[in-house]
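Inspection log for the structure reproduced underneath, given as C-alpha cells.
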Amino acid sequence: MKVAKALYINSLFFYSLLGIVALFIVSFFFGWLFVVAELCLVALLTATLIDSVILFMKNGITGERIAADRLSNGDQNEILIKLRSNYSFTTRIEVVDEIPVQFQIRDFSVIRTIKSGQSDEFVYFLRPVERGEYQFGALNCYVSSAIGLVAKRYRFDSDKMVPVYPSYIQLRKYGLVAFNDKFKHFGLRKIRRIGHTTEFEQIKEYVRGDDIRTINWKATAKRNELMVNQYQDEKAQEIYLVIDKGRQMKMPFNGMTLLDYAINSTLVLANVIINKSDKAGMFTFSRKVENIIAADRRKTQMQLITENLYSIQTDFKESDFSRLYVDVKRTVRQRSLLMLFTNFDTIESMKRQLPYLKGMAKSHLLVIVFFRNTELDHIIERKSSDLFEVFEKVTAEKYEFEKRLIVNELRKHGIYSVLTEPENLTMETINKYLEIKARGLL
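Here's what the structure looks like:
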C-alpha cells in the first residue's frame, strides 16, 4: 500500500493569525496591546511547530478502501473505509475519498475521531447508472491533533479501476424466487397449473394429497399398493432473451436508460431459466443482430451472458425488425420462447413492426416486453388550472391509453405482452416466464 504524506495548515491557524493581526492594529491606539500581540504571535508559531512535530513523528494512520471487484449497475453498492490510529493521542480525521467522476460527487467528506491505538470503520454507498469502467482516485485522510492548527495528509489506495456490470445484486436477490414460496413478498405471483406438463418423471407410492387422477393402475396391480405417476415441468426448452438497443431504448428513467433496465432483467431472468433446467440464450439488435449466444444450460453460460451484457451499447439508430425476423428464422430452428425487450410509444409505431412480430410468433412463442412512462402519472393525476395544463393532461392520457391499445392489438394476433414500469421489469418478466412454464404454453 503506497502512502503519500503532506502538511496542510488548518483554518484555525488563519483565524488565530487574523485575530493577532487585529491586535496589532488595535495596538496603534492602545500601546500596551503591542506586547500582548507579540506574545500571541510567538505562542501561535510555537504551537504550530509543536503540532507539526507530533504529527510527523511516526506513520500514525493506516487507511483502506474496500469495494467489490465490480459494482452492480442500478443498485446501492457498499464501500467500506477502514482506519487505524497509531498515534499516542486522540486524532481528528477528515476522510475525503476521490469518487469516480461518473457520480459527480465533489463534496464527499466524513469526519471521524479515533482514540490512541484504536480502529474505526464506516460505510457509504454508490449507485452507478451506467455500465463501464469507474476510476477511483486516492483515499485522503487529513489528520489533526487536539491542537488543530495543522493537518497531516495521508493518501491510500490511489487510482483503482472498478468495472460496473449488470445488476448482480438483483441476480442474488431473485436467485431463489422461482423455487421458494417465501419470496412472494418480492411480488411474484403464484400461478395455478392447468393440467399436467408433458414430461413424465417417475412412478411413486401414493401419499395423502396426491392427485388421484394420476394413479397408475398397472403399477398398482403389480405392487398391490396405490402407485401414481409424477410429472415435472418440461425441461431443456430454449428461451431467448432479445434486447432492442435502438434509440427508443435510450429513454432515461430514474437515472438509468431503458436499455440498462432490460440488461439487468436479462441477467436475472437468464439465471432463473438455467436454474429451472431450461436453456437460456440471448442476442441484441438494432440495424443488425449482434451478441448472439446460443441457448444452453452449460456451467459457463451465465459468465458468457454476463460478459456480453456488460459490453452492450445503444447505437442511437432506428431498430430494424425485418432484420430481426430474418435472423431469428435462420438461427433459431427449434420452437422457443422469445422474450423481446423493446418499447413502443404509439400503436402506429407498433403496427409498422407487426408483420415481423406475427412472422416470429408463427414459429415461436413471442412475448413483447415494453414500458409504461410512469413520469406521465403525475400529469394525469394533477388538477388542471389552465388550458395548457388541460392539453398536457389529455396528451398524457392519450399516450397511456395507446399503451393499453398495443397490448390488446398484440393479443389479437396471439402475441403475449408485458407492460410494466421500469423498476418492476425484473419481477414482471420472471412472473411471465413462470406463468408460461406452469401453463405449458411452450
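Under full-length UniProt numbering, the first residue of the sequence shown carries the number 1, and numbering increases by one thereafter.
The C-beta atom is built at its ideal place from N, Cα and C for all residues, glycine as well.
Three or more C-beta pairs under 8 Å: does that hold for the region 365-376 against the region 329-341?
yes
With a cut-off of 8 Å, do at least 3 Cβ pairs link the region 266-273 to the region 249-258?
no
Would you mind sorting Ile-111 into buried or exposed? The rule is 16 or more other CB atoms within 10 Å of its CB.
Locating residue 111 in the sequence shown gives position 111, where the first residue counts as 1. Ile-111 comes out exposed.
Residue range of the alpha helix (DSSP H) that includes Gly-19
Against the sequence shown, residue 19 aligns to sequence position 19. Note, Gly-19: alpha helix (DSSP H), 11-27.
Just to confirm before moving on: does the CB-CB distance between Ile-293 and Met-282 stay below 8 Å?
Against the sequence shown, residue 293 aligns to sequence position 293. Against the sequence shown, residue 282 aligns to sequence position 282. Contact flag set, yes.
Phe-391 - containing alpha helix (DSSP H), residue span:
Within the sequence shown, the letter at position 391 stands for residue 391. That run of the alpha helix (DSSP H) goes 387-412.
Same chain, Cβ closer than 6 Å to Lys-82, neighbours up to 5 away in sequence not counted
Mapped onto the sequence shown, residue 82 falls at position 82. So the qualifying residues of the chain are Glu-64 and Glu-121.
Nonlocal neighbours in the same chain, by C-beta distance under 8 Å from Glu-421, ignoring five residues either side
As a first step, residue 421 must be located in the sequence shown, where it is residue number 421. The residues are Phe-371, Arg-372 and Thr-374.
Based on Cα-Cα distance, which residue from Lys-412, Gly-246, Tyr-240 and Gly-414 lies nearest to Lys-329?
Here residue 329 corresponds to residue number 329 of the sequence shown, with the count starting at 1. Taking only the C-alpha atoms, the option nearest Lys-329 is Tyr-240.
Does the separation of the CB atoms of Asn-86 and Lys-115 fall below 8 Å?
Sequence index remark: in the sequence shown, residue 86 carries index 86 (1-based). Sequence index remark: in the sequence shown, residue 115 carries index 115 (1-based). In this structure, Lys-115 does not lie closer than 8 Å to Asn-86 by Cβ.
Quick check: does the Cβ of Phe-103 come within less than 7 Å of any heavy atom belonging to the ligand HEM?
Looking at this structure, you won't find the ligand HEM or any other ligand, since it has none at all.
Taking Phe-285 and Asp-244 to be in contact with their CB atoms under 8 Å, please state how far apart those CB atoms are, rounded to whole angstroms.
The residue given as residue 285 occupies position 285 in the sequence shown. The residue given as residue 244 occupies position 244 in the sequence shown. Right, their Cβ atoms sit about 6 Å apart.
Find out if the Cβ-Cβ distance for the pair Val-326, Tyr-174 is shorter than 8 Å.
Here residue 326 refers to the residue found at position 326 of the sequence shown. Here residue 174 refers to the residue found at position 174 of the sequence shown. It is not a contact, given that the beta carbons lie outside the stated cut-off.
Where Gly-440 falls: helix, strand or coil (DSSP):
By 1-based counting over the sequence shown, the position of residue 440 is 440. It is coil, neither helix nor strand.
Judging by CA-CA distance, which residue of Ile-20, Ala-236 and Ala-361 is the nearest neighbour of Arg-297?
If you number the sequence shown from 1, residue 297 lands on position 297. That would be Ala-236, whose Cα lies nearest to the Cα of Arg-297.
Selected residue, minimal CA-CA separation from Val-407, among Tyr-399, Val-418 and Lys-398:
If you number the sequence shown from 1, residue 407 lands on position 407. The option with the nearest alpha carbon to Val-407 is Val-418.
Buried or exposed: where does Val-242 fall if 16 or more other Cβ atoms within 10 Å of its Cβ makes it buried?
One-based indexing of the sequence shown puts residue 242 at position 242. Buried, since its Cβ has 16 or more Cβ neighbours within 10 Å.
Using alpha carbons as the reference points, say which of His-378, Leu-226 and Arg-131 lies closest to Val-308.
Counting from 1 along the sequence shown, the entry for residue 308 is found at position 308. The residue asked about is misnamed: residue 308 is Asn in this sequence, not Val. Answer by Cα proximity: Arg-131.
Look up Asn-229 in the DSSP assignment and give the residues it is bridged to.
Taking the first residue of the sequence shown as 1, we reach residue 229 at position 229. Note: Asn-229 sits in a beta bridge opposite Ile-203.
For Ala-361, the nearest candidate out of Asp-345, Gln-334 and His-378 (CA to CA)
In the sequence shown, counting from the first residue as 1, residue 361 sits at position 361. Among Asp-345, Gln-334 and His-378, the Cα nearest to that of Ala-361 belongs to Gln-334.
Reference Asn-140, options Ala-43, Thr-62, Val-228 and Thr-395, closest by Cα:
Residue numbering aside, residue 140 sits at position 140 when the sequence shown is read from its first letter. Per the Cα distances, Thr-62.
Which value, in whole angstroms, describes the spacing of the CA atoms of Ala-67 and Leu-80?
Counted from its first residue, the sequence shown places residue 67 at position 67. Counted from its first residue, the sequence shown places residue 80 at position 80. Whole-angstrom Cα-Cα distance: 6 Å.
If you measure between the beta carbons of Pro-163 and Asn-73, is that distance less than 8 Å?
Taking the sequence shown and counting its residues from 1, one reaches residue 163 at position 163. Taking the sequence shown and counting its residues from 1, one reaches residue 73 at position 73. Not a contact, by the Cβ cut-off of 8 Å.
Whole alpha helix (DSSP H) elements within the region 281-358, 4-residue minimum:
301-310 and 321-331
What would DSSP say about Thr-90, mapped onto helix, strand or coil?
If you number the sequence shown from 1, residue 90 lands on position 90. Reduced to three states, the DSSP call for Thr-90 is coil.
Glu-348 classed as buried or exposed, judged by whether at least 16 other C-beta atoms fall within 10 angstroms
Residue 348 sits at position 348 when you count from the first residue of the sequence shown. Answer is exposed; the Cβ neighbour count stays below 16.
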